[in-house]
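Residue numbers (my numbering), protein chains in the order written: chain A, 98 to 344; chain B, 97 to 435. Below is one structure, written out as structure tokens, with a few remarks after it.
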Amino acid sequence: MKIRVAGTTKSFGQTEVIRHIDFTVMSGEICCLLGPSGSGKTTLIRLMIGAIAPSTGTIHIGDTLMPNMTLLNEIGFMPQNNALYEDLTAEDNLLFFGSVYKLEKSVLKQRIEEVLKIVDLTAHRQKRVHVFSGGMKKRLSLAIAILHQPKVLFLDEPTVGIDPVLRREIWHQFHRIKQAGTTIVVSTHVMDEVIECDRAALIYEGTLIEYDTVDNLLAKTQTGRVEELFILASDQLKEGTTHEPLS
Amino acid sequence: MNHLAKRVIRQTLNDKRSVMMILIAPLLLLTLIYLLLGDTDYVPVIVIEEATPQNLVTALNKQDIELIQEKQTITSPKTYLTDNEHVDAVFLYSDNGFDMTLREPSTKSSTAAKEIQAALSSINPASKMETSYVHGSTDQSTFDSLGYVFLSLFSFFMVFVISAMAFVKERSEGTLERLLMTPIKRSEVILGYTMGYSVFAIAQAILIVLYTVYILQMSSNGNIFLVLLVLLLLATTAVLFGATISVFASSALQVVQLIPFTIIPQVFFSGLISLDLIPYHLGNLSYIMPIFYGASAIKEIMVYGNGFDAIWGYLSGLLLYILVLYTINVRALKKFRNA
Ligand SMILES: Nc1ncnc2c1ncn2[C@@H]1O[C@H](COP(=O)(O)OP(=O)(O)OP(=O)(O)O)[C@@H](O)[C@H]1O
Ligand SMILES: [Mg+2]
Numbered sequence: 098m099k100i101r102v103a104g105t106t107k108s109f110g111q112t113e114v115i116r117h118i119d120f121t122v123m124s125g126e127i128c129c130l131l132g133p134s135g136s137g138k139t140t141l142i143r144l145m146i147g148a149i150a151p152s153t154g155t156i157h158i159g160d161t162l163m164p165n166m167t168l169l170n171e172i173g174f175m176p177q178n179n180a181l182y183e184d185l186t187a188e189d190n191l192l193f194f195g196s197v198y199k200l201e202k203s204v205l206k207q208r209i210e211e212v213l214k215i216v217d218l219t220a221h222r223q224k225r226v227h228v229f230s231g232g233m234k235k236r237l238s239l240a241i242a243i244l245h246q247p248k249v250l251f252l253d254e255p256t257v258g259i260d261p262v263l264r265r266e267i268w269h270q271f272h273r274i275k276q277a278g279t280t281i282v283v284s285t286h287v288m289d290e291v292i293e294c295d296r297a298a299l300i301y302e303g304t305l306i307e308y309d310t311v312d313n314l315l316a317k318t319q320t321g322r323v324e325e326l327f328i329l330a331s332d333q334l335k336e337g338t339t340h341e342p343l344s
Numbered sequence: 097m098n099h100l101a102k103r104v105i106r107q108t109l110n111d112k113r114s115v116m117m118i119l120i121a122p123l124l125l126l127t128l129i130y131l132l133l134g135d136t137d138y139v140p141v142i143v144i145e146e147a148t149p150q151n152l153v154t155a156l157n158k159q160d161i162e163l164i165q166e167k168q169t170i171t172s173p174k175t176y177l178t179d180n181e182h183v184d185a186v187f188l189y190s191d192n193g194f195d196m197t198l199r200e201p202s203t204k205s206s207t208a209a210k211e212i213q214a215a216l217s218s219i220n221p222a223s224k225m226e227t228s229y230v231h232g233s234t235d236q237s238t239f240d241s242l243g244y245v246f247l248s249l250f251s252f253f254m255v256f257v258i259s260a261m262a263f264v265k266e267r268s269e270g271t272l273e274r275l276l277m278t279p280i281k282r283s284e285v286i287l288g289y290t291m292g293y294s295v296f297a298i299a300q301a302i303l304i305v306l307y308t309v310y311i312l313q314m315s316s317n318g319n320i321f322l323v324l325l326v327l328l329l330l331a332t333t334a335v336l337f338g339a340t341i342s343v344f345a346s347s348a349l350q351v352v353q354l355i356p357f358t359i360i361p362q363v364f365f366s367g368l369i370s371l372d373l374i375p376y377h378l379g380n381l382s383y384i385m386p387i388f389y390g391a392s393a394i395k396e397i398m399v400y401g402n403g404f405d406a407i408w409g410y411l412s413g414l415l416l417y418i419l420v421l422y423t424i425n426v427r428a429l430k431k432f433r434n435a
């Protein structure tokens with residue numbers, strides 16, 4: 098499903114955190130939100146899933162205006178903080194979230210087996226979450242997000258604290274999920290992960306500074322590294338603000 | 097049935113401290129209160145002068161007191177009491193009457209006064225005064241007449257704290273936001289929570305009532321099932337009250353910091369302090385305190401031995417509270433999701 102963000106602004110009190118963002122995530126693509134800490138990636142994701150309403154502008158997923166409750170059946174969300182029930186076992190966490198999506202019992206059982214395998218937690222399913230390491234919690238959180246096979250998947254920094262081998266495995270899974278027709282929006286500030294994506298949205302201080310296919314973006318740089326785009330962008334912005342009074 | 101209720105139950109069972117707090121802590125506190133307010137066999141120490149008439153000394157000796165006859169005359173009873181810390185009362189006889197001096201308005205002193213009065217009436221039956229109460233009897237301990245307040249107080253407090261902390265945790269750890277990003281209804285969330293904790297509230301109510309009536313032997317004149325009903329409604333109010341308060345707290349510590357605003361005023365208006373004497377009609381404030389409704393209903397049943405027709409007003413008060421708090425909580429979740 099397509100995600101259309103149109104003229105969206107979000108302010109918390111006086112501070113404008115998202116500044117007039119316009120872009121469309123193509124159906125069945127992996128789109129990455131790239132930006133430094135505090136640039137507004139999490140806020141943009143929360144706007145897109147409808148956790149918060151925009152101050153101005155609109156967001157559509159498919160043809161549906163967000164926030165919308167029935168569409169939540171089609172959405173998977175992995176928050177930046179793990180948001181797990183620490184007093185429950187990994188399996189109980191999955192069972193609970195699965196039942197909220199009203200999955201049939203047999204289907205749910207089978208899906209739990211599948212997702213536990215994907216995130217490599219089958220051996221730890223009976224452990225309570227509060228004894229999990231940071232990376233294990235991240236993996237369980239990811240398992241919950243994909244449990245009900247959503248058509249749109251929002252992942253807020255899914256691979257932080259995960260070792261390179263498992264990270265590669267997880268990205269491999271993302272590609273498989275994408276091939277099944279799911280649209281994926283993933284936020285990151287790890288530049289390496291950008292090349293795994295189809296398109297990237299570069300966000301800087303709440304503004305969308307670039308949105309293009311990853312290939313095109315890399316072609317614009319001299320060294321072929323994504324960092325350059327940021328350095329360029331921040332220079333542009335600084336010049337913009339410092340030179341304005343003079344001209 | 098309700099997945100959320102099941103989860104809340106499982107989660108609470110996995111956290112031993114919460115289970116202890118709901119089920120065991122009230123029993124422990126009630127036992128303490130029982131010991132503190134129960135009958136004492138304290139023997140007051142009373143001092144008289146040697147010159148006291150013999151028939152009065154004999155009468156006093158028959159009472160349950162330790163009598164000391166002072167050889168010197170006591171010129172200032174107050175100084176005497178200050179100098180002799182183990183003495184509770186000085187009782188002087190003179191031609192123009194008796195003079196009783198007590199240390200301070202305490203239970204010890206009032207026991208002494210009671211014994212002296214009994215001795216006096218035994219030598220002069222005309223001055224005998226018979227005290228009787230419409231409800232309860234003179235040999236009832238303070239525990240019998242005030243215990244019901246603690247019943248409702250502890251039950252409310254424990255459930256309130258557990259529920260408020262659970263909700264604060266849901267908010268701060270992001271599970272509430274995550275949960276509301278699924279197609280669950282807002283009302284289902286609050287209902288599930290309330291139902292989950294109700295299971296513990298029922299267990300708690302049964303434990304508390306059986307324990308106080310059968311083990312601590314608190315006198316109860318009424319129907320125990322009505323008491324259970326009241327405690328269940330009160331605990332349900334406590335769950336929803338805790339959920340509401342959690343909106344104003346961002347950590348478990350802040351829940352504790354809010355206790356002076358949430359619980360302590362309710363203690364004052366629960367019936368521990370008699371409300372009919374409070375100035376400026378402040379007693380009317382009790383009508384906004386959920387514990388007041390619970391405690392009053394339990395008082396009607398346990399102390400007055402009344403039935404449903406005496407408590408339906410209080411029960412409606414609690415039900416109204418539950419309804420209002422439920423609505424507030426469901427609306428408060430709009431912060432996370434508009435639909
Ligand atoms: N609820 C809120 N109230 C006020 N300000 C907020 C709120 N949520 C986010 N902000 C502000 O919005 C800005 C962007 O925050 P956001 O969490 O979206 O950044 P981010 O790009 O996800 O950062 P990170 O990479 O560190 O996760 C920050 O300055 C933050 O302080
Ligand atoms: Mg973030």
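Heads up, the beta-carbon is just placed ideally off N, CA and C, and yes, glycines get one too. It should be emphasised that the depicted structure is a prediction, and the values quoted were computed from it without experimental measurement.
Do A:G195 and A:L252 have their C-beta atoms within less than 8 Å of each other? Translated into the one-based positions of the first sequence, residue 195 of chain A becomes position 98. Translated into the one-based positions of the first sequence, residue 252 of chain A becomes position 155. In this structure, A:L252 does not lie closer than 8 Å to A:G195 by Cβ.
Counting beta carbon pairs with one atom in the segment 408–416 of chain B and one in the segment 269–280 of chain B, are three or more of them shorter than 8 Å? no
Are there any heavy atoms of ligand 2 lying less than 7 Å away from the beta-carbon of A:K138, as far as the coordinates show? To locate residue 138 of chain A, count along the first sequence from 1; it is residue 41. Yes, the Cβ of A:K138 comes within 7 Å of a heavy atom of ligand 2.
Which complete alpha helix (DSSP H) runs does the segment 322–403 of chain B hold, if anything under 4 residues is left out? 348–353, 355–358, 360–363, 386–398
Output, in sequence order along the chain, the residues in the segment 238–255 of chain B whose CB is closer than 8 Å to any CB in chain A. none
Helix, strand or coil for A:A103, going by three-state DSSP, please let me know. Translated into the one-based positions of the first sequence, residue 103 of chain A becomes position 6. In this structure, A:A103 counts as strand in the three-state DSSP scheme.
With hydrogens ignored, establish whether the beta-carbon of A:V114 is closer than 7 Å to any heavy atom of ligand 1. Looking up residue 114 of chain A in the first sequence gives position 17. Yes, ligand 1 has a heavy atom inside 7 Å of this Cβ.
Below 8 Å on the Cβ atoms is my contact criterion, and I expect B:I252 with B:P386 to pass it. Report the Cβ-Cβ distance as a whole number of Å. Within the second sequence, the letter at position 156 stands for residue 252 of chain B. Within the second sequence, the letter at position 290 stands for residue 386 of chain B. Sequence check: residue 252 of chain B is Phe here, not Ile. With 8 Å as the limit, B:F252 and B:P386 qualify as a contact, their Cβ atoms being about 7 Å apart.
Should A:I100 be labelled buried (16 or more other beta-carbon atoms within 10 Å of its own) or exposed? Residue numbering aside, residue 100 of chain A sits at position 3 when the first sequence is read from its first letter. Answer is buried; the Cβ neighbour count reaches 16.
Does any heavy atom of ligand 1 sit closer than 7 Å to the C-beta of A:K109? Locating residue 109 of chain A in the first sequence gives position 12, counting from the first residue. Residue 109 of chain A is actually Phe in this sequence, not Lys. A:F109 Cβ: within cutoff of ligand 1.
If we cut at 8 Å on Cβ distances, does A:Y182 have a partner in chain B? Numbered from 1 along the first sequence, position 85 holds the residue referred to as residue 182 of chain A. Yes, A:Y182 counts as interfacial toward chain B.
Nearest CA to the CA of B:V285: which residue from B:K112, B:N425, B:L125? As a position in the second sequence, residue 285 of chain B is number 189, starting the count at 1. The shortest C-alpha separation from B:V285 is found at B:N425.
Excluding sequence positions up to five away, which residues of its chain have a Cβ less than 6 Å from the Cβ of B:A208? Numbered from its first residue, the second sequence carries residue 208 of chain B at position 112. If we look at B:A208 and ignore the five residues flanking it on each side, its Cβ neighbours are P140, I142, D184, A185.
So what's B:F194 in DSSP terms, helix, strand or just coil? Numbered from 1 along the second sequence, position 98 holds the residue referred to as residue 194 of chain B. In this structure, B:F194 counts as strand in the three-state DSSP scheme.
Any non-hydrogen atom of ligand 1 within 7 Å of A:S152 CB: For the purposes of this step, residue 152 of chain A is identified with residue 55 of the first sequence, where counting begins at 1. The answer is no for A:S152.
So, for A:L218: in the same chain, excluding its five sequence neighbours on each side, which residues have a beta-carbon less than 8 Å away from its beta-carbon? Within the first sequence, residue 218 of chain A is the residue found at index 121, counting from 1. Within the same chain, A:L218 has close Cβ partners A187, M233, R236, L237, A240.
If the criterion is Cβ atoms closer than 8 Å, does the pair B:L303 and B:L126 meet it? If you number the second sequence from 1, residue 303 of chain B lands on position 207. If you number the second sequence from 1, residue 126 of chain B lands on position 30. Not in contact: B:L303 and B:L126 (Cβ atoms no closer than 8 Å).
Assuming A:M163 is part of the beta strand (DSSP E), what are its boundary residues? Within the first sequence, the letter at position 66 stands for residue 163 of chain A. Run containing A:M163: none; DSSP gives neither H nor E here.
Is the separation between the beta-carbon of A:R225 and that of A:L181 shorter than 8 Å? Residue 225 of chain A sits at position 128 when you count from the first residue of the first sequence. Residue 181 of chain A sits at position 84 when you count from the first residue of the first sequence. For A:R225 and A:L181, no; Cβs fall outside 8 Å.
Would you verify that the beta carbon of A:R225 is, or is not, closer than 8 Å to some beta carbon of chain B? In the first sequence, residue 225 of chain A corresponds to position 128, counting from 1. Taking Cβ atoms only, chain B reaches closer than 8 Å to A:R225, which makes this a yes.
Proximal chain A residues relative to B:D111, where beta-carbon distance stays under 9 Å: By 1-based counting over the second sequence, the position of residue 111 of chain B is 15. Near B:D111 (Cβ distances below 9 Å), the residues of chain A are D184.
Cβ closer than 8 Å: which chain A residues qualify as neighbours of B:F432? Residue 432 of chain B sits at position 336 when you count from the first residue of the second sequence. Per Cβ cutoff of 8 Å: A148.
Uninterrupted alpha helix (DSSP H) stretches inside the segment 231–284 of chain B (no shorter than 4 residues): 238–268, 271–276
Contact check, A:E324 vs A:S284 under 8 Å by CB: the rounded distance? Along the first sequence, one-based indexing puts residue 324 of chain A at 227. Along the first sequence, one-based indexing puts residue 284 of chain A at 187. That belief does not hold up - the Cβ atoms of A:E324 and A:S284 are roughly 17 Å apart, past 8 Å.
A:A150 versus B:Q107 - alpha carbon distance: Here residue 150 of chain A refers to the residue found at position 53 when the first sequence is read from its first residue. Here residue 107 of chain B refers to the residue found at position 11 when the second sequence is read from its first residue. Approximately 32 Å between the Cα atoms of the pair.
Counting Cβ pairs, one atom from each stretch, are 3 or more of them under 8 Å apart for the segment 274–282 of chain A and the segment 117–129 of chain A? yes
Residues that DSSP places opposite A:T44 in a beta bridge: There is no way to answer for residue 44 of chain A, as the model of chain A reaches only from 98 to 344.
Would A:T153 pass as a contact of A:T112 if the rule is Cβ separation under 8 Å? By one-based count along the first sequence, residue 153 of chain A stands at place 56. By one-based count along the first sequence, residue 112 of chain A stands at place 15. Cβ distance not < 8 Å, so A:T153 and A:T112 don't count as in contact.
Counting only runs that start and end within the segment 172–209 of chain A, where is the beta strand (DSSP E) found for 3 or more residues in a row? 172–175
Output the distance between the C-alpha atoms of B:E266 and B:F337, rounded to the nearest integer angstrom. Within the second sequence, numbered from 1, the residue matching residue 266 of chain B stands at position 170. Within the second sequence, numbered from 1, the residue matching residue 337 of chain B stands at position 241. Cα to Cα, the separation comes out at about 16 Å.
Any chance the CB of B:S347 is under 7 Å from a heavy atom of ligand 1? Indexing the second sequence from 1 puts residue 347 of chain B at position 251. No, the Cβ of B:S347 stays beyond 7 Å of every heavy atom of ligand 1.
Limits of the beta strand (DSSP E) - the one that B:Q165 falls within: Taking the second sequence and counting its residues from 1, the one referred to as residue 165 of chain B is at position 69. Run containing B:Q165: 162–166, per the beta strand (DSSP E) assignment.
With distances taken Cα to Cα, identify the nearest neighbour of A:W268 among A:T139, A:V249, A:I292, A:N170. Working through the first sequence from its first residue, we reach residue 268 of chain A at position 171. A:W268 has its Cα closest to that of A:I292, out of A:T139, A:V249, A:I292, A:N170.
Taking 6 Å as the limit between beta carbons, can you name the residues of its chain near B:Y400, skipping five residues before and five after? Residue 400 of chain B sits at position 304 when you count from the first residue of the second sequence. So the list reads H231, once near-sequence residues are dropped.
Apart from the five residues just before and just after B:V153, which ones in its own chain have a Cβ nearer than 8 Å to its Cβ? One-based indexing of the second sequence puts residue 153 of chain B at position 57. So the list reads I144, L163, Q165, once near-sequence residues are dropped.
Does any heavy atom of ligand 2 sit closer than 7 Å to the C-beta of A:Q177? Here residue 177 of chain A is taken as the residue at index 80 of the first sequence, counted from 1. Within the cutoff, so yes.
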